[in-house]
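2 protein chains.
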Amino acid sequence: MAKKAKKETDLSTEEKIKAAARLVFTKKGYAATRTRDIAEAAGINLALLNYYFRSKEKLFELIMMEKAASLFGTIIPILNDTTLSLEQKITEVSQKYTAFLLENPGLPLFIMSEVGMNPNQFVNKLPIGKALESHFIKQLQERRPDLHPVSFMMNLLGLTVFPFIIKPVLMTAGAFNEKAFSTRIEERIALIPKWMNAMLKSK
Amino acid sequence: MAKKAKKETDLSTEEKIKAAARLVFTKKGYAATRTRDIAEAAGINLALLNYYFRSKEKLFELIMMEKAASLFGTIIPILNDTTLSLEQKITEVSQKYTAFLLENPGLPLFIMSEVGMNPNQFVNKLPIGKALESHFIKQLQERRPDLHPVSFMMNLLGLTVFPFIIKPVLMTAGAFNEKAFSTRIEERIALIPKWMNAMLKSK
DNA sequence: GTCTATAACCTGATAGAC
DNA sequence: GTCTATCAGGTTATAGAC
Numbered sequence: 044m045a046k047k048a049k050k051e052t053d054l055s056t057e058e059k060i061k062a063a064a065r066l067v068f069t070k071k072g073y074a075a076t077r078t079r080d081i082a083e084a085a086g087i088n089l090a091l092l093n094y095y096f097r098s099k100e101k102l103f104e105l106i107m108m109e110k111a112a113s114l115f116g117t118i119i120p121i122l123n124d125t126t127l128s129l130e131q132k133i134t135e136v137s138q139k140y141t142a143f144l145l146e147n148p149g150l151p152l153f154i155m156s157e158v159g160m161n162p163n164q165f166v167n168k169l170p171i172g173k174a175l176e177s178h179f180i181k182q183l184q185e186r187r188p189d190l191h192p193v194s195f196m197m198n199l200l201g202l203t204v205f206p207f208i209i210k211p212v213l214m215t216a217g218a219f220n221e222k223a224f225s226t227r228i229e230e231r232i233a234l235i236p237k238w239m240n241a242m243l244k245s246k
Numbered sequence: 044m045a046k047k048a049k050k051e052t053d054l055s056t057e058e059k060i061k062a063a064a065r066l067v068f069t070k071k072g073y074a075a076t077r078t079r080d081i082a083e084a085a086g087i088n089l090a091l092l093n094y095y096f097r098s099k100e101k102l103f104e105l106i107m108m109e110k111a112a113s114l115f116g117t118i119i120p121i122l123n124d125t126t127l128s129l130e131q132k133i134t135e136v137s138q139k140y141t142a143f144l145l146e147n148p149g150l151p152l153f154i155m156s157e158v159g160m161n162p163n164q165f166v167n168k169l170p171i172g173k174a175l176e177s178h179f180i181k182q183l184q185e186r187r188p189d190l191h192p193v194s195f196m197m198n199l200l201g202l203t204v205f206p207f208i209i210k211p212v213l214m215t216a217g218a219f220n221e222k223a224f225s226t227r228i229e230e231r232i233a234l235i236p237k238w239m240n241a242m243l244k245s246k
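Just so you know, the protein sequences line up as chains A and B, in that order.
Numbers in the working numbering are just positions in the first sequence, counted from 1, shifted up by 43.
Numbers in the working numbering are just positions in the second sequence, counted from 1, shifted up by 43.
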């Protein structure tokens, strides 16, 4: 019960601003986002944003860290679950991660590009070490000592995430609409484990 | 000989600005780039930028289209080369595309994120249709009528491009340095065709 | 806590001298 | 073609009333 007692009827002003910030930042990126956009989307006044979060940058860092934590929090527990076999981990990651991406389609691109523009701002605070020293990595090294485990993990993540990264390009080009994209993604949930297993066995 | 006759001793002012713009836009993105940054990087005055290119947006569109054209120009000719088998195309694409990416490491992330933020600005001018109706797609449909060819093409591109997309994250996190990254990429040039063949055969 | 008004600053673009 | 100086507009952040 560490939370402050508060009426739970509606979103607090603070939460309304955060929700709006998530939306606008993710859509337009840090630099192109104006604090006025966030205030308007939140239905509050510009001054309140600074009252609650001090500055645009502070608010961005908060949103960024929350988003990144949820992104990594989705897969790292699976990678470190010692009760799962290598094949089970691959299946679990592609399933859970895809489910997460369907609800946050623009997130990977957002995080990657913001990190790329301003590297050691956030990255050092992320639990990436946990992924690189995970049980999944150890299982890979045992199974295929001839391959670099990080390279293999990039394959799994790449197959899962990449469709969401080129989605804007392919959709604008008319390659598919929202419905067809969902169908492809649903197919891939079953296919990615098969593909990964085929890679695991390939010599 | 359509080019204008001109002294070829040094870069023209126009080219110096374009070179600087490529650098700064690719690194910081459109919104975070200030025309002053470009002018400074080019070693010229701010006013000259507008003299040659009228506006920041016009200059950006120019750079963007050139970059995108080179990106797509690298793979589309291979995809449409009717003398190559499916396996040969896969090998060629991963080789040529990787070589291109090694010289333009930040390019995919840049293009994807700028497109994502401002969709139908550039995408319609890109030769994406050429890739989607390519000979490569037809070969895939013949070989594996049970799979969606675009989904399969995303696998090839994802395996090739994704390491460059997460490179900033993994490098900042200390997963590897520039040299180790190059080693991984070199390995993958030989591995990606094997992995893709394994996927092609997997049932 | 929430608002309006405004300060302080930054950025793209141009005018005009050379 | 190239420069300096400056304008016009927009943006973050704060002061101060309620």
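Beta carbons: idealized from backbone N, C-alpha and C, even for Gly.
All values derive from a computational prediction rather than experimental measurement.
Measuring only the C-alpha atoms, how far is S55 (chain A) from L92 (chain A)? 13 Å
Would you tell me roughly how many angstroms separate the C-alpha atoms of A241 (chain B) and M242 (chain A), rounded to the nearest one? 6 Å
Nonlocal neighbours in the same chain, by C-beta distance under 8 Å from P236 (chain A), ignoring five residues either side: So the list reads E130, I133, T134, S137, once near-sequence residues are dropped.
Grab the span of the alpha helix (DSSP H) containing H178 (chain B) for me, first residue to last. 178 to 186
How about L102 (chain A) and A64 (chain A): are their beta carbons less than 8 Å apart? yes
Do you know how far the Cα of A174 (chain A) is from the Cα of L105 (chain B)? 40 Å
Go ahead and label G72 (chain B) buried or exposed: buried means 16 or more other beta carbons lie within 10 angstroms of its beta carbon, across all protein chains shown. In the assembly as shown, G72 (chain B) is a buried residue. Its beta-carbon has 16 or more other beta-carbons within 10 Å.
Beta-carbon neighbours of F205 (chain B), restricted to chain A and to distances below 9 Å: M197, N198, L200, G201, L202, V204, F205, I208
For Y94 (chain A), does the count of other Cβ atoms within 10 angstroms reach 16, so buried, or fall short, so exposed? exposed
Helix or strand or just coil, what does DSSP make of N147 (chain B)? N147 (chain B) carries a coil assignment under DSSP once its states are collapsed to helix, strand and coil.
Please go through the same chain and pick out, in chain order, the residues whose beta-carbon is closer than 8 Å to the beta-carbon of N198 (chain B), but skip the five residues on each side of it. M239, M242
Where I232 (chain A) meets chain B, residues with beta-carbon distance less than 8 Å: Result: empty, since nearest Cβ-Cβ is about 12 Å, beyond 8 Å.
Are A82 (chain A) and A74 (chain B) close, meaning C-beta to C-beta below 8 Å? No, Cβ-Cβ distance for A82 (chain A) and A74 (chain B) is not below 8 Å.
Should R77 (chain A) be labelled buried (16 or more other beta-carbon atoms within 10 Å of its own) or exposed? exposed
Hey, is the region 176 to 184 of chain B in contact with the region 120 to 128 of chain B, meaning 3+ C-beta pairs nearer than 8 Å? yes
Identify the contact partners of T215 (chain A) in chain B, using a Cβ-Cβ distance below 8 Å as the criterion. V158, P162, N163, V166, N167
Start and end residues, alpha helix (DSSP H) containing R227 (chain A): 221 to 244
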